[in-house]
Structure formats: structure tokens, C-alpha cells
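**Student:** The following block contains the structure, expressed as C-alpha cells.
Residue numbers (the numbering used here), protein chains in the order written: chain A, 8 to 128; chain B, 4 to 296.
Structure representation (C-alpha cells):
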């Protein structure tokens, strides 16, 4: 298990032990698992998926940020984050994340795509 | 002899002042709790970010490889000072302490042959510095909600980057009242350009233990990180300042309430004495009138 800690500039969103987390790295998706080599990467907008035994347990949209991966800790510093369980194709435009991303076409496009058809389901 | 009616009015007006100050104290106390929570919960992000930044910077052996915005320019000529004041008054020495401190800093800088530009946050600073002949590059007001605080931090960051790129400023420092405890706040400077390396040194042992891989490469990552770090540091200073403001207001309103209480006691004493003196005087008048008959 790896300790996944998700932090926004305002607060700690959550911190918990997970088997695997898939993150949208700037140069491609990667999976954070225990004993990964120390690694720092920026994030592109996309889906963050918490997985166990090849199934997605929880799924989020992140608008970008940074991730620092150590042996047993995965720290994700996100700009904006939205649990995908809260949004669907009809209401995502009302979400706070959507409003805050106003003007950022790429991120909004990705948001729409992730909501309607997430890469990991 | 003081007029009884006048004294009575005086007492009732001090009483209503006391009501106001004690209400303000209560409001400040509850706002302080919220502001303090915010300041504390934002610390996690800021700490992680500066850890990442310092492992990046520490990983680059030759400091000339680092961008100017981290290391600062050689021969810097123009410093920018960001002053975090409050929007409202009635918070004791909160703002005046800050301005006094800033004045010293500014004359220090000018003594070193640098010119100083000012960026103000909060109404108090903007109205104070309007009267001086300092160059104000921008003013931000009405930081009354958390969203607004974040928004203002973002605007300040953009402005700094813009000014630095157009060579209008070489150094940036930020001045704010650091929240030490509910009764003590401390004017604190933090250097943004060049990046103050307090934290860099602190974490050095840890940084050396873990050799990180970076993706994308360091320079691209720095490009993303540096503005992020500015934003976080500015946001943090804004939050600290707001917690300090409420704390300062709470203590000063507590004092004011106590002073009003003392004043009421004194006035009531004078009022009673005067009333008694009047009664005695009237009695004397009656008695001496009766004796004369």
C-alpha cells in the first residue's frame, strides 16, 4: 500500500492508503505504487484514478499540479480537483472546477472528455 | 460643579461604545479562528512545494544554470516591496507598526543605492502610501473572502512576473504581519526574488537522501514551479496577515472594552458624588432657610 496525499493550496483534500493510483503526468500517465523510484513530475489536466485489483475505486478530474513520489508516499499537489462521482455530462458545467477553469480551453476540453468518457473506468 | 444631565449622557454613550467594542471583539475572535485554520491548512501545500523546489534547485550543482528569477539579478537596482495591510482600522498598532517597519526598510534600500517600488494590499496601505512620494505599482483592496484572497494572490503573482520580465524590478520582497500568537504579531519580510534559501538549507539532509527523477526536464519543471511557488508564498502571507489582523483587532477591542468599563466606573462615581453634593446643598439651603425664619 502507498500513502496517497492529495493537497490543494487551501487544504489537504484527503490522505489515505491505496494500492495504486494512476496519475496524468506531463509526459504520460503513470501509476504510483509502493517502491517506485523517487520521482517528481508535473501533471497535465486529466483523470486521477485510485485502483485496487485492476478496478477503479475512485476517480477524479485534476486540472494540473505536481506530484512527488517517494518510496511509500505519493504527494499530489493539485490546482483544482473534482470527484467524478459528483459530476456527469449534464451538470459538470455548473461545477466549481469548471467555473474556475474558465478561459483555459485545453483543461475544459479535457474535463469534458474525462467526464463523458474517462480513460480508466 | 459638573452638570448631572451631561454626566448621564456621557455614561450612556460610553456604555454603548463598550457594547460595540465587545461585539467587535467577539466577531474578531470567531474570524480569527477561521483565519487561523486556513493559514494552518494551507501550510501543507506550501511546505511540499518548497520542498520540491529546493530538491530541484539543490539538484542543480551550478547555480548559474538556474533561472534569474530564482537567483536574482546581479547588480539589482530596483526593489519591489509588497505590503500586506488590512482593509479596516480599529486593530491597534497592526498597520502603523507595519508602516514604520517598511519605512526603515525602504530607507535601508535607498541607502544601498536601490530605488524602491511599492505594491499595496489592503485599503489602509493604499491610502497611507498615496500620501508619500513612493512609486506605487499596484494596489489591491477588499480581501474579505477566501476566494478573493486567492484571486488577489494570483493577480499579484502575475503582476510580479510581468514587471520582472520587463526589467522594471530586480528584487521582490513581501512584508506582512506574521501570526505568532493571538497576542503577538511580528512584521516579517520574505524575499521572493531572489528566493530566500532558509527552507532550502533546512531540508538539505533529506534532499540528499532521495535522488529524484524529474519529468519533464528540470527547466520545464522550474518554469511551472516558480510562478506556483510565488503564488503559494503570496497566498500564505495574505492568510498570515489576515489571521494577525483579527488577532490584533481582538486584543485591541478587548483593551477598549476594559477601558470603557473603567471609564464608566469613574463616571458613575463622579455622577453619584455630584448627585449627593446637590442633595446636601439643597438640604443646607432648606435648613438655613428655616433657621432664618
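Even for Gly, the Cβ is constructed at its ideal location relative to N, Cα and C.
#1: Taking only the alpha-carbon atoms, compute the straight-line gap between residue 284 (chain B) and residue 291 (chain B) and give it to the nearest angstrom.
#2: Going by alpha carbons, who is nearest to residue 172 (chain B) out of B:278, B:56, B:80?
#3: Once you ignore the five residues that flank residue 202 (chain B) on each side, which residues in its own chain have a CB closer than 7 Å to its CB?
#4: Count the other C-beta atoms from every protein chain shown that fall within 10 angstroms of the C-beta of residue 68 (chain A), then say buried if there are 16 or more, exposed otherwise.
#5: If you measure between the beta carbons of residue 318 (chain B) and residue 13 (chain B), is that distance less than 8 Å?
#6: When you measure from the CB of residue 89 (chain B) to every non-hydrogen atom of the ligand NAD, does any distance come out below 7 Å?
#7: For residue 251 (chain B), does the count of other Cβ atoms within 10 angstroms reach 16, so buried, or fall short, so exposed?
#8: On the three-state DSSP scale, how would you describe residue 37 (chain A)?
#9: Please report how far the alpha carbon of residue 134 (chain B) lies from the alpha carbon of residue 52 (chain A), in whole angstroms.
#10: Determine the direct distance from the alpha carbon of residue 9 (chain B) to that of residue 286 (chain B), and round the result to whole angstroms.
#11: Could you name the residues of chain B that residue 75 (chain A) contacts, counting a contact when the two beta carbons are closer than 8 Å?
#12: Quick check: what's the CA-CA separation for residue 127 (chain A) versus residue 166 (chain B)?
#13: Determine the DSSP secondary structure at residue 31 (chain A), reduced to helix, strand or coil.
#14: Can you pull the chain A neighbours of residue 218 (chain B), defined as C-beta to C-beta under 9 Å?
#15: Kindly indicate which residue of B:235, B:76, B:229, B:227 has the alpha-carbon position closest to the one of residue 47 (chain B).
#16: Could you check what DSSP says for residue 185 (chain B) in three-state terms: helix, strand or coil?
#17: Mind checking if residue 47 (chain B) is an interface residue toward chain A, Cβ cutoff 8 Å exclusive?
#18: Suppose the cutoff is 6 Å on Cβ atoms and the five residues either side in sequence are ignored; what does the same chain contact list for residue 217 (chain B) look like?
#19: On the criterion of 16 or more Cβ atoms from any shown chain inside 10 Å, does residue 98 (chain B) qualify as buried, or is it exposed?
#20: Okay, do the region 27 to 45 of chain A and the region 55 to 66 of chain A touch, 3+ Cβ pairs below 8 Å being the bar?
**Tutor:** Result, derived from the coordinates:
#1: Position 281 of the second chain, counted from the start, is the residue given in the question as residue 284 (chain B). Position 288 of the second chain, counted from the start, is the residue given in the question as residue 291 (chain B). Looking at the two C-alpha atoms, the distance is approximately 10 Å.
#2: Along the second chain, read from residue 1 onward, the residue named residue 172 (chain B) stands at position 169. Closest option to residue 172 (chain B), Cα to Cα, is B:80.
#3: By 1-based counting over the second chain, the position of residue 202 (chain B) is 199. Here residue 202 (chain B) scores only 49 on pLDDT, less than 50, and its place in the model is too uncertain to base an answer on.
#4: Position 61 of the first chain, counted from the start, is the residue given in the question as residue 68 (chain A). With 16 or more other Cβ atoms within 10 Å, it is buried.
#5: Nothing in the structure corresponds to residue 318 (chain B), since chain B is present only between 4 and 296.
#6: No copy of the ligand NAD occurs in the structure displayed, which carries no ligand at all.
#7: Counting from one through the second chain, the residue named residue 251 (chain B) turns up at place 248. Flag for residue 251 (chain B) reads buried.
#8: Here residue 37 (chain A) corresponds to residue number 30 of the first chain, with the count starting at 1. It is a strand residue.
#9: What you label residue 134 (chain B) is simply residue 131 of the second chain in a count that begins at 1. What you label residue 52 (chain A) is simply residue 45 of the first chain in a count that begins at 1. So the alpha carbons of these two residues sit roughly 46 Å apart.
#10: Counted from its first residue, the second chain places residue 286 (chain B) at position 283. Counted from its first residue, the second chain places residue 9 (chain B) at position 6. Taking the straight line from one Cα to the other gives about 23 Å.
#11: For this step, residue 75 (chain A) is matched to residue 68 along the first chain. Correct list: 51, 54, 55, 215.
#12: Walking along the first chain from the start, residue 127 (chain A) turns up at place 120. Walking along the second chain from the start, residue 166 (chain B) turns up at place 163. The straight-line gap from Cα to Cα measures roughly 43 Å.
#13: Indexing the first chain from 1 puts residue 31 (chain A) at position 24. If DSSP states are grouped into helix, strand and coil, residue 31 (chain A) belongs with the strands.
#14: By one-based count along the second chain, residue 218 (chain B) stands at place 215. Chain A residues near residue 218 (chain B): 32, 33, 34, 35, 37, 46, 47, 48, 49.
#15: For the purposes of this step, residue 47 (chain B) is taken as the residue at position 44 of the second chain. Of the candidates B:235, B:76, B:229, B:227, the one whose C-alpha sits nearest the C-alpha of residue 47 (chain B) is B:235.
#16: Here residue 185 (chain B) is taken as the residue at index 182 of the second chain, counted from 1. Here residue 185 (chain B) sits in coil by DSSP.
#17: As a position in the second chain, residue 47 (chain B) is number 44, starting the count at 1. True, the Cβ-Cβ gap to chain A drops below 8 Å.
#18: For this step, residue 217 (chain B) is matched to residue 214 along the second chain. For residue 217 (chain B), where only same-chain residues beyond five positions count, the Cβ hits under 6 Å are 224.
#19: Translated into positions along the second chain, residue 98 (chain B) becomes position 95. Note on residue 98 (chain B): 16 or more other CB atoms within 10 angstroms of its CB, so buried under the neighbour-count rule.
#20: yes
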